Each structure stands twice: as structure tokens, then as C-alpha cells.
Amino acid sequence: MNCEEYREAIAGDPTEFFPGGAEHSSGCEECSSYRQELRALDECIARALAIDVPALRMPELPAIDAADNVVGIGSAPARPSSRITSLPVWAGLAAAVAVVALLFTGGPDGATDTQQLVREIIAHMDHEQSSRQVTSVPVSDRTLDTVVDPEVSAMDPDIGLITYAMSCVINGHTVPHLVVQGEQGPITLILLPDEEVGEAIPLSGDNVHGVLLPVGSGSIAVIGQREEQLGEIGEVGRRLSETVEWNI
Amino acid sequence: MNTSADFERRQRFERLVTALHGVLYRYAAWLSRDPGIAEVVVQESLLRAWKSLDSLRDDDAAKQWLLTIVRRENARYFEKKSPNMIDIDELSPSQSAMIADTGERDVDELREAIYELDDDYREPLVLQVLMGYSTREIADHMGIRPGAVLTRLHRARLKLKAAIDASGVRIAARDSG
Numbered sequence: 275m276n277c278e279e280y281r282e283a284i285a286g287d288p289t290e291f292f293p294g295g296a297e298h299s300s301g302c303e304e305c306s307s308y309r310q311e312l313r314a315l316d317e318c319i320a321r322a323l324a325i326d327v328p329a330l331r332m333p334e335l336p337a338i339d340a341a342d343n344v345v346g347i348g349s350a351p352a353r354p355s356s357r358i359t360s361l362p363v364w365a366g367l368a369a370a371v372a373v374v375a376l377l378f379t380g381g382p383d384g385a386t387d388t389q390q391l392v393r394e395i396i397a398h399m400d401h402e403q404s405s406r407q408v409t410s411v412p413v414s415d416r417t418l419d420t421v422v423d424p425e426v427s428a429m430d431p432d433i434g435l436i437t438y439a440m441s442c443v444i445n446g447h448t449v450p451h452l453v454v455q456g457e458q459g460p461i462t463l464i465l466l467p468d469e470e471v472g473e474a475i476p477l478s479g480d481n482v483h484g485v486l487l488p489v490g491s492g493s494i495a496v497i498g499q500r501e502e503q504l505g506e507i508g509e510v511g512r513r514l515s516e517t518v519e520w521n522i
Numbered sequence: 002m003n004t005s006a007d008f009e010r011r012q013r014f015e016r017l018v019t020a021l022h023g024v025l026y027r028y029a030a031w032l033s034r035d036p037g038i039a040e041v042v043v044q045e046s047l048l049r050a051w052k053s054l055d056s057l058r059d060d061d062a063a064k065q066w067l068l069t070i071v072r073r074e075n076a077r078y079f080e081k082k083s084p085n086m087i088d089i090d091e092l093s094p095s096q097s098a099m100i101a102d103t104g105e106r107d108v109d110e111l112r113e114a115i116y117e118l119d120d121d122y123r124e125p126l127v128l129q130v131l132m133g134y135s136t137r138e139i140a141d142h143m144g145i146r147p148g149a150v151l152t153r154l155h156r157a158r159l160k161l162k163a164a165i166d167a168s169g170v171r172i173a174a175r176d177s178g
């Protein structure tokens, strides 16, 4: 092994665990010095790579039987047919007006099971705060297709820039949790094909301002972080109500 | 799955994740060069790992198994983009945080130089230096030949050495053995 070969090899593997390495460096002062220099560099590289690690946030782990079906929740036991086609425009507009009015005035109390759902949604928002980042980086179509299983639900992909998509468990069901970038900040959308609610229900908590909207035999949660977003949330809710379909 | 089995499965998963979360996050962060994206990628990876935990026969292989999942999730995230081109003068707050000053000039200079390395050079370096992977393990993980791994590592170190030399900062040998 000559000096050139040694230096090329040591730069690939500074541990010197390559044939002829130790023999060469022991007889070549310059290469030995080069090795020391690279090891010092590597020690510094290791410290440079050791960036701070945030606290572990364990994701909500679905029950394994449900987990097996995350991608294909459409294969879950069949429910009564509830395919929704697009609602008429007038219905969407009426819903928007109702939603905005509800958001600013508060709404009627829901049934106990609905309140449980509301608590779970708000708790989930606390749990996944990092999802609500201002970013221009979209999720891949593949991720989106995985999370929003077309066998279960479909939504207008032009709803906005979707920057987060995750399958999450809420109220025992694995559901799509999306974040779309609104004009005044990120807006969370949670599609709940299995959660029928009788009326729009306001969602309110720390950094949680939104609404749970009835859509056919399911519902959708539309949530922002600030009260100023409520107008935009109403608009997004209206558009989603018009376009979302449950295919189960 | 019965309650007891489910409990044991959760315990096993949490034990593995708690032990390996740091390396998973750092790997994801250096792949994506964005701590915010890294958190999303790790979360997604953990969920996928949970779903397929039963395919992991040997917990001693968990690190490699989880890093492979993180690599795939990162690729999914960037499927339709070209993450290689990042202008270091126009970083988002999240990206900037990754190369924030540590108070050690040599570390800061190197961190920025690593940040600017092409993915092809940065990833094997992270796997070797941070994860302790052998050349063969890096080759298997990245799906390239061992010779290509060594070439990339050699070039990566030369680039980093050149960057440090150009900055005028001297690296003090702390533990050069």
C-alpha cells in the first residue's frame, strides 16, 4: 500500500480496519500524522452530528387489529351504505353561514358520546401540536393516498396545500388527520367517517378553535389555533362538506 | 389480540423506541435537514413500525430495522421534491435551528459544512460516524456497493476538511487516540 492508497482508504474508514493500513502508517510519519488529523476531524464531525433531540412523543398506537387495517380501513366490517355524493351548493352555503354563526356564538351541548368525541379530538390536538407548522412543504401524494384511503373516504385534493397527513386513532377509529395551510395559519382537518353527529359542534380549547361538522353518516373536524381563523375555518368547512365522500 | 398480548407488545415497542428515539431523530434530521420534517418523519415511522412490529424477530436488530423505516418514510416525504438544493442563506427558522451556534467554532463550522453536503455524501457519513455502521452495513442500508460507500465517505471527509481549512478554524485533537 502506498501513501495515496492509504490516504484514500483512511478517509473512507478512519478506524484503519483495512488490510495493510496499520503497517503503512507505522512506517510513514506523514501518513500517521494525516491519520491523526482525520481522527480529530471525525471526533468533531461526531459532535457536529449530535444535534439536540426533542423529547420523545409517542404516537397514539392503534389497537393491533385496527392497525392491521389502517391502510384499508375500508375492509372493516361493512356499515350500512352511506356513500355521499357532493351536496348541492346551496346546502354548502347554508352550512357555511351556520358554521360561522355557531363559531362566534357557541352551540348547543351535544349528547354524551359526542362530548366524548369532542374531548378526544381536543386531546389529540394537544398531543400532535407539531403537526401544525407553517410550512410550504406538501406531503407526497403517496402519503396522502395512504392516509386518506379512497375505499373509505375521498376529498377534494384542491382544498389547499396539505402539509401533514397521518393516520391517527380517535375514539377507537383510525382516521385521516390532515393539516392544510390557511391564509392565517395551519388548519387541521380530521375526517371521521364513523362518527355521526346531529349538528355542528364548536371545538374549543388551548390553541384549539374550530368546529365538528356533520357530513352524512360521519363528520369532519376543522380546527385552527387562533380565534381570528374562524372565518377561514368556516369556509374550509363549507368546501369540505361539499366535496368529501364516505365510501363505506 | 388479547389484552395481555397487546400490553406486552406495547411494552416491547416502547422499550425499543425509548432506547432508539435519539438516533432515529438525528438520522431523520440529517436526511431531511429540517428538524420539523424530522419529527413528522419519525412519528410516521413509529406508527409504521408499530403496525409491523411482529415482523421484527430479533430486538437486537431493531436499530437497523427502524433506521430503514425512517429512510423509507423520509423518501416518501420527499417523493416529489428535490431536497438536495437548499440555499443556506434562505433557510426556514426550523432549518436554521439545526445549524445554530453551539459556542464551539469548529463544531459550528463543521455542522454547517455537513449541512451543505449532498445527500449522497451526508448519509453514509451519518451512518458511519453517528450510527457506527460498518462499510458493509452502509452499503446494504443504502443499496450501493461497498466500494461506492468508501468513495463517498472519502469525498465527504475531503470536502469537510477543505471547508474547515477554508474557515481558518483549527480542530483541536480532543481524543485522537
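These protein sequence lines are chains A and B, in that order.
Positions in the first sequence are counted from 1; adding 274 to them yields this note's numbering.
Positions in the second sequence are counted from 1; adding 1 to them yields this note's numbering.
The beta carbon of each residue, even a glycine, is placed where N, CA and C say it ideally should be.
Keep in mind that this is a model prediction, so the values were computed, not measured.
Round the Cβ separation of residue i and residue j to the nearest angstrom and send it over; I've been treating them as touching at under 8 Å.
i, j, result
"R513 (chain A)", "D430 (chain A)", "7 Å"
"D1 (chain B)", "L17 (chain B)", "Because chain B here runs from 2 to 178, residue 1 (chain B) falls outside it and cannot be looked at."
"V24 (chain B)", "M132 (chain B)", "6 Å"
"I325 (chain A)", "L161 (chain B)", "Not quite, the Cβ-Cβ distance comes to about 16 Å (not below 8 Å), so this is no contact."
"V489 (chain A)", "V518 (chain A)", "6 Å"
"T388 (chain A)", "V482 (chain A)", "Contact doesn't hold; Cβ gap of about 16 Å is too wide."
Taking 6 Å as the limit between beta carbons, can you name the residues of its chain near residue i, skipping five residues before and five after?
i, result
"P351 (chain A)", "Confidence at P351 (chain A) is low in this model, with a pLDDT of 30, below 50, so its placement is unreliable and no value can be given for it."
"V510 (chain A)", "I461 and V496"
"Y280 (chain A)", "H298 and C305"
"R49 (chain B)", "I70"
"F244 (chain B)", "This structure gives no information on residue 244 (chain B), because the portion of chain B shown stretches from 2 to 178."
"P450 (chain A)", "V421, V422 and L465"
"Y45 (chain B)", "In the sequence under discussion, the amino acid at residue 45 (chain B) is Glu, which differs from the Tyr named in the question. Taken in chain order, the residues that qualify are E74."
"M440 (chain A)", "H451"
"R112 (chain B)", "I100"
Tell me whether residue i is buried or exposed, calling it buried when 16 or more other Cβ atoms sit within 10 Å of its Cβ.
i, result
"T136 (chain B)", "buried"
"D119 (chain B)", "exposed"
"V235 (chain A)", "The displayed coordinates of chain A run from 275 to 522. Any statement about residue 235 (chain A) would go beyond what the structure contains."
"G144 (chain B)", "exposed"
"P94 (chain B)", "exposed"
"L367 (chain A)", "Confidence in L367 (chain A) is poor, its pLDDT being 46 and thus under 50, which makes the residue's placement unreliable; the coordinate value appears in the next sentence. It counts as exposed."
"D102 (chain B)", "exposed"
"T4 (chain B)", "exposed"
"Q503 (chain A)", "buried"
"G508 (chain A)", "buried"
"T417 (chain A)", "buried"
"G148 (chain B)", "exposed"
"P354 (chain A)", "In this prediction, P354 (chain A) has a pLDDT of 32, which is less than 50 and means its spatial position is unreliable; nothing more can be read from the coordinates."
"C277 (chain A)", "exposed"
"E469 (chain A)", "buried"
"R393 (chain A)", "exposed"
"E124 (chain B)", "buried"
"A314 (chain A)", "buried"
"A30 (chain B)", "buried"
For residue i, which residues from the same chain have a beta carbon less than 7 Å from its beta carbon, with the 5 sequence-adjacent residues on both sides left out?
i, result
"F525 (chain A)", "Only positions 275 to 522 of chain A appear in the structure, and residue 525 (chain A) is not among them; the question remains open."
"L57 (chain B)", "A63 and W66"
"I172 (chain B)", "D107 and I165"
"R146 (chain B)", "A140"
"L47 (chain B)", "V18"
"S360 (chain A)", "A caution first: S360 (chain A) carries a pLDDT of 35, below 50, which makes its placement in the model unreliable, though a value can still be read off. So the qualifying residues of the chain are E516 and T517."
"D109 (chain B)", "D102 and T103"
Residues in the same chain with beta-carbon distance under 8 Å from residue i, minus the five sequence neighbours each way, listed in chain order, please.
i, result
"D316 (chain A)", "P288"
"P362 (chain A)", "Residue confidence for P362 (chain A) is low, a pLDDT of 41 falling below 50, so the modelled location carries little weight; the figure read from the coordinates is stated next. If we look at P362 (chain A) and ignore the five residues flanking it on each side, it has no Cβ neighbours."
"H401 (chain A)", "R331 and E334"
"S33 (chain B)", "A39, V42, N75, Y78, F79 and P84"
"G381 (chain A)", "Residue confidence is low: G381 (chain A) scores 48 on pLDDT, short of 50, so the model does not pin down where it sits. Its coordinate-derived value is still stated next. If we look at G381 (chain A) and ignore the five residues flanking it on each side, its Cβ neighbours are E473, A474, I475 and P476."
"I433 (chain A)", "V454, L463, V510, R513, L514 and T517"
"Q390 (chain A)", "N445"
"L530 (chain A)", "What the structure shows of chain A is the stretch from 275 to 522, and residue 530 (chain A) is not part of that stretch, so it cannot be assessed."
Do residue i and residue j have their CB atoms nearer than 8 Å?
i, j, result
"E506 (chain A)", "E457 (chain A)", "yes"
"H22 (chain B)", "L330 (chain A)", "yes"
"I444 (chain A)", "I395 (chain A)", "yes"
"V41 (chain B)", "Y438 (chain A)", "yes"
"A115 (chain B)", "Y78 (chain B)", "Inspection of the sequence shows that residue 115 (chain B) is occupied by Ile rather than by Ala. No, they are not a contact pair."
"A285 (chain A)", "L126 (chain B)", "no"
"V327 (chain A)", "R27 (chain B)", "yes"
"I475 (chain A)", "L452 (chain A)", "no"
"M399 (chain A)", "G479 (chain A)", "yes"
"L487 (chain A)", "S515 (chain A)", "yes"
"A157 (chain B)", "Y134 (chain B)", "no"
"V170 (chain B)", "L323 (chain A)", "no"
"G294 (chain A)", "M275 (chain A)", "yes"
"Q310 (chain A)", "R406 (chain A)", "no"
"D7 (chain B)", "A337 (chain A)", "yes"
Can you find a heavy atom of the ligand FAD that lies under 7 Å from the Cβ of residue i?
i, result
"E279 (chain A)", "For the structure depicted, the ligand FAD is absent and the ligand set is empty, with no information on it obtainable."
Sequence ranges, beta strand (DSSP E) only - wholly within the region 29-79 of chain B, length at least 3: none
Contained beta strand (DSSP E) runs [length at least 3] in the region 126-165 of chain B, N- to C-terminal order: none
Continuous beta strand (DSSP E) assignments of at least 3 residues falling wholly in the region 415-469 of chain A: 435-444, 447-456 and 459-466
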